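Peer 1: Residue numbers (the numbering used here): 70 to 489.
Have a look at this one:
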């Protein structure tokens with residue numbers, strides 16, 4: 070049996086009411102060969118045996134144990150139920166449909182970067198066998214290469230690096246403008262919009278206006294919300310997800326190690342030119358991502374994990390983490406997760422698009438962003454059916470003369486969770 074530590078908060082988000090899960094979509098240029106995908110996963114898992122786990126629950130909490138049942142590969146476009154019989158009790162599984170490969174996982178075992186090495190190994194063997202070709206993929210971890218214990222290191226099992234006092238610690242965040250309280254939307258089944266924005270144009274705009282993809286997209290959303298609610302008193306707070314592996318010395322670890330950097334937009338910024346707004350947002354990112362400020366944040370996460378692990382019952386743990394999520398939501402108007410430009414080496418010639426997609430699970434609006442093949446792909450996820458904020462966001466894209474395409478829209482199809 071294995072307890073978890075740095076993933077504690079993510080594991081205790083998993084219950085029958087909330088499934089903090091993820092669905093990474095690799096849209097291929099050709100039909101997916103399920104038999105080849107099965108073989109590729111089998112070879113891949115010989116390199117990552119430490120990822121084969123299952124959750125065991127009792128009245129006191131969750132623990133992990135090894136799971137020797139095979140990983141599931143299934144032809145389906147419907148959401149996978151993880152951790153139960155449909156996934157052979159694993160925390161992740163593969164599905165495929167037509168030209169799409171879906172990597173389904175609970176967020177507790179992987180974040181975007183943590184999932185990367187295994188995905189690269191999988192795509193290496195899939196393309197090698199599917200197209201009978203040599204694959205050039207620098208840095209890929211192939212079957213038979215030694216496993217470094219750093220790949221499964223839990224950084225909270227060792228002391229965190231010391232924090233110096235060169236920068237003042239951040240003040241508590243104010244209460245954020247919450248969109249579901251403004252009367253324009255009603256919480257319902259989550260809906261997703263898949264769009265792509267011209268990469269060259271967006272990067273040119275970043276260069277000319279002191280911006281980054283994170284600040285530009287955050288400002289597009291903040292400006293759109295501000296125009297819809299010009300008299301709102303609470304600030305608009307966009308939370309940008311940030312990887313903290315470097316800060317804790319766990320560069321190779323698969324564990325979920327992300328926190329958020331708050332980008333506050335208030336009425337004082339409304340009439341500023343875009344360049345000035347970007348400069349302010351970039352300053353916030355530089356401050357909150359400073360290693361010592363980040364360590365201050367991470368030390369708080371570690372303390373929360375210790376507190377939750379010390380609670381006597383499973384229901385106590387659910388309750389504490391649920392309250393922590395509510396506190397985070399109160400300081401969040403929307404969130405952005407930008408995982409950067411992805412490459413699968415020479416396999417890129419067979420991949421048309423990449424779509425990271427989860428569910429907002431109470432955030433309200435969550436944008437998952439990646440870049441591939443000359444485009445920024447944005448999955449715009451919302452906790453409601455009404456498109457008022459999405460349409461306002463698109464209007465801001467048009468105002469900046471950026472070319473974009475609305476690819477399609479759908480209900481959320483993130484994996485579900487069950488221990489049955």
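Glycine included, every Cβ here is placed at the ideal spot set by N, Cα and C.
This structure is a prediction, so every number in the text was calculated from the model and none was measured.
Within 10 angstroms of the Cβ of residue 216, are there 16 or more other Cβ atoms? Answer buried if so, exposed if not.
Peer 2: Within the chain shown, residue 216 is the residue found at index 147, counting from 1. Exposed, since its Cβ has fewer than 16 Cβ neighbours within 10 Å.
Peer 1: Going by Cα to Cα distance, which pick from 340, 261, 239, 246 is closest to residue 354?
Peer 2: Locating residue 354 in the chain shown gives position 285, counting from the first residue. It is 239.
Peer 1: Is it buried or exposed for residue 183, if we count other Cβ within 10 angstroms and need 16 for buried?
Peer 2: The count along the chain shown starts at 1 and reaches residue 183 at position 114. Answer is buried; the Cβ neighbour count reaches 16.
Peer 1: Buried or exposed for residue 83, going by 16 or more other Cβ atoms inside 10 Å?
Peer 2: As a working mapping, residue 83 is identified with position 14 in the chain shown. Buried.
Peer 1: Quick one: what's got a C-beta closer than 6 Å to residue 170's C-beta in the same chain, skipping five residues either side?
Peer 2: For the purposes of this step, residue 170 is identified with residue 101 of the chain shown, where counting begins at 1. Excluding positions up to five away in sequence, the list reads 95, 101.
Peer 1: What first and last residue would you give for the alpha helix (DSSP H) that runs through residue 443?
Peer 2: Translated into the one-based positions of the chain shown, residue 443 becomes position 374. First-last for residue 443: undefined, no H or E at that position.
Peer 1: In chain order, what residues of the same chain have a beta carbon less than 6 Å from the beta carbon of residue 427, not counting five sequence neighbours either side?
Peer 2: By one-based count along the chain shown, residue 427 stands at place 358. The residues are 91, 483.
Peer 1: May I ask you to report which of helix, strand or coil DSSP gives residue 348?
Peer 2: For the purposes of this step, residue 348 is taken as the residue at position 279 of the chain shown. Reduced to three states, the DSSP call for residue 348 is helix.
Peer 1: Just to confirm my understanding: we take residue 270, look at its own chain, exclude 5 residues before and 5 after, and list those with CB closer than 8 Å. What are they?
Peer 2: The residue you call residue 270 lines up with position 201 of the chain shown. 470, 471, 472, listed in sequence order.
Peer 1: Could you compute how far the alpha carbon of residue 70 sits from the alpha carbon of residue 384?
Peer 2: The count along the chain shown starts at 1 and reaches residue 70 at position 1. The count along the chain shown starts at 1 and reaches residue 384 at position 315. Low per-residue confidence applies at residue 70: pLDDT is 43, beneath 50, and the placement is therefore not dependable, though the value from the model is reported in the following sentence. The alpha-carbon atoms of residue 70 and residue 384 are separated by roughly 21 Å.
Peer 1: In chain order, which beta strand (DSSP E) runs of at least 3 residues are fully inside the stretch 400-428?
Peer 2: Counting only runs of 3 or more, we get 403-410, 420-427.
Peer 1: Of the choices 487, 475, 191, whose alpha-carbon is the least far from that of residue 261?
Peer 2: On the chain shown, residue 261 is found 192 positions in, with the first residue counted as 1. Of the listed residues, the one whose Cα sits closest to residue 261 is 475.
Peer 1: In the structure shown, what three-state DSSP assignment does residue 322 receive?
Peer 2: As a first step, residue 322 is located in the chain shown; it is residue number 253 there, counting from the start. Looking at residue 322 - three-state DSSP - the assignment turns out to be coil, as it is neither helix nor strand.
Peer 1: Note the first and the last residue of the continuous alpha helix (DSSP H) segment covering residue 293.
Peer 2: By one-based count along the chain shown, residue 293 stands at place 224. Run containing residue 293: 282-297, per the alpha helix (DSSP H) assignment.
Peer 1: What number of angstroms, rounded off, separates the C-alpha of residue 446 from the C-alpha of residue 439?
Peer 2: Locating residue 446 in the chain shown gives position 377, counting from the first residue. Locating residue 439 in the chain shown gives position 370, counting from the first residue. Distance between the alpha carbons of residue 446 and residue 439 is about 5 Å.
Peer 1: Measuring straight from C-alpha to C-alpha, what distance separates residue 196 and residue 368?
Peer 2: As a first step, residue 196 is located in the chain shown; it is residue number 127 there, counting from the start. As a first step, residue 368 is located in the chain shown; it is residue number 299 there, counting from the start. Going from the Cα of residue 196 to the Cα of residue 368 covers about 42 Å.
Peer 1: Candidates 328, 205, 118: which alpha carbon is nearest residue 419's?
Peer 2: The count along the chain shown starts at 1 and reaches residue 419 at position 350. Here the closest residue by C-alpha is 205.
Peer 1: Thinking just about the alpha-carbon of each residue, which of 386, 116, 158 is nearest to the one in residue 136?
Peer 2: If you number the chain shown from 1, residue 136 lands on position 67. Cα-wise, what sits closest to residue 136 is 158.
Peer 1: Please classify residue 331: does DSSP put it in a helix, a strand, or coil?
Peer 2: For this step, residue 331 is matched to residue 262 along the chain shown. Residue state, collapsed to three classes: strand.
Peer 1: At a cut of 8 Å, does the stretch 339-354 reach the stretch 395-410 through at least three beta carbon pairs?
Peer 2: No, the stretch 339-354 is not in contact with the stretch 395-410.
Peer 1: Looking at residue 402 and residue 246, is the spacing between their C-beta atoms short of 9 Å?
Peer 2: The sequence position of residue 246 within the chain shown is 177, counting from 1. The sequence position of residue 402 within the chain shown is 333, counting from 1. It is a contact, given that the beta carbons lie within the stated cut-off.
Peer 1: Quick check on residue 232: does DSSP put it in helix, strand or coil?
Peer 2: Counting from one through the chain shown, the residue named residue 232 turns up at place 163. Note: residue 232 maps to coil in three-state DSSP.
Peer 1: Measure the CB-CB distance between residue 222 and residue 116 and report whether it falls below 9 Å.
Peer 2: Working through the chain shown from its first residue, we reach residue 222 at position 153. Working through the chain shown from its first residue, we reach residue 116 at position 47. No, these two residues do not count as a Cβ contact at 9 Å.
Peer 1: Grab me the residues of residue 487's own chain with a C-beta within less than 7 Å of its C-beta, minus the 5 sequence neighbours each way, in chain order.
Peer 2: Taking the chain shown and counting its residues from 1, the one referred to as residue 487 is at position 418. Excluding sequence neighbours, residue 487 sits near 150, 152, 153.
Peer 1: How big is the Cα-Cα spacing for residue 391 and residue 199?
Peer 2: The count along the chain shown starts at 1 and reaches residue 391 at position 322. The count along the chain shown starts at 1 and reaches residue 199 at position 130. Going by the C-alpha atoms only, they are around 44 Å apart.
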